[in-house]
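Notes to accompany the following structure.
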Amino acid sequence: MGVIGVPPLTLLCLIMFSFIPLVRPLNPDDPNVCSHWESYAVTVQESYAHPFDQIYYTRCTDILNWFKCTRHRISYKTAYRRGVRTMYRRRSQCCPGFFESADLCVPLCSEECVHGRCVSPETCQCEPGWGGLDCSSGCESDFWGPHCSNRCQCRNGAKCNPITGACVCTDGFQ
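Here is the structure:
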């Protein structure tokens, strides 16, 4: 038993596997995921016909060699060598304008959406009462709502609430 009552091999495995990141590939069917083909090299063992000089003897009229003549012919035997083969695989990645976060492709806004959130590449959705490209500008006095897109209907000098559009009457008015 180990120091804390766990067998040493089990403890070693637990420590080693704790350093392996749990990364899942992007799902090509998810939104904003693009894919492309990429090539990669694989080392393979391949067979080939290796030539060699085969010596053989035939009967002949050469009395000095006891009527035996040496002949040569090229023969082939199967040999093996390492080779490199190009393979192809489909690789998924986030489409342009998106980045990977928690196994999803989320939109990228180069400017922080100060009072809002990034809903598509370079597009902020502002909270009510805020406008501008990065949602950092408060609504002008005559406008209200997200992106300050609604015109206030207040009269007689009443102030417009930039979030709800409700009119706040000045003193003496109802």
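Here the sequence shown stands for residues -25 to -1, 1 to 149, where the numbers follow mature numbering (1 follows the signal peptide of the UniProt record, and there is no 0).
Don't be surprised by glycine CBs; every beta carbon is placed ideally from N, CA and C.
In the DSSP assignment, V94 falls within the beta strand (DSSP E) that extends over 91 to 95. Counting only residues of its own chain and dropping the five nearest sequence neighbours on each side, K134 has a CB closer than 6 Å to the CB of V143. Fewer than three Cβ pairs drawn from the segment 23 to 32 and the segment 85 to 93 lie within less than 8 Å of each other, which leaves the two stretches out of contact.
Between D4 and T61, the alpha-carbon positions lie close to 27 Å from each other. When beta bridges are read from the DSSP output, R130 appears opposite no residue. Per DSSP, the unbroken beta strand (DSSP E) holding D28 starts and ends at 8 to 34. Look at I138 here: in three-state DSSP terms it is coil, with no helix or strand label.
DSSP lists no bridge partner for L39. Here P82 carries a strand assignment [DSSP, helix/strand/coil].
In this chain, the beta strand (DSSP E) harbouring E75 covers 73 to 76. Where C101 is concerned, the enclosing beta strand (DSSP E) starts and stops at 98 to 101. Nearest Cα to R64 within the set L83, E13, G120: E13. Bridge pairing for G106: S112 [DSSP].
Linking C114 to V81 through their CA atoms gives a straight-line distance of about 28 Å.
Here the C-alpha atom of F74 lies approximately 14 Å from the C-alpha atom of E86.
Around the beta carbon of H122, 16 or more other beta carbons sit within 10 angstroms, so the residue counts as buried. Annotation for G104: C114, P137, I138 place their beta carbon closer than 6 Å to its own, counting only its chain and skipping 5 residues before and after.
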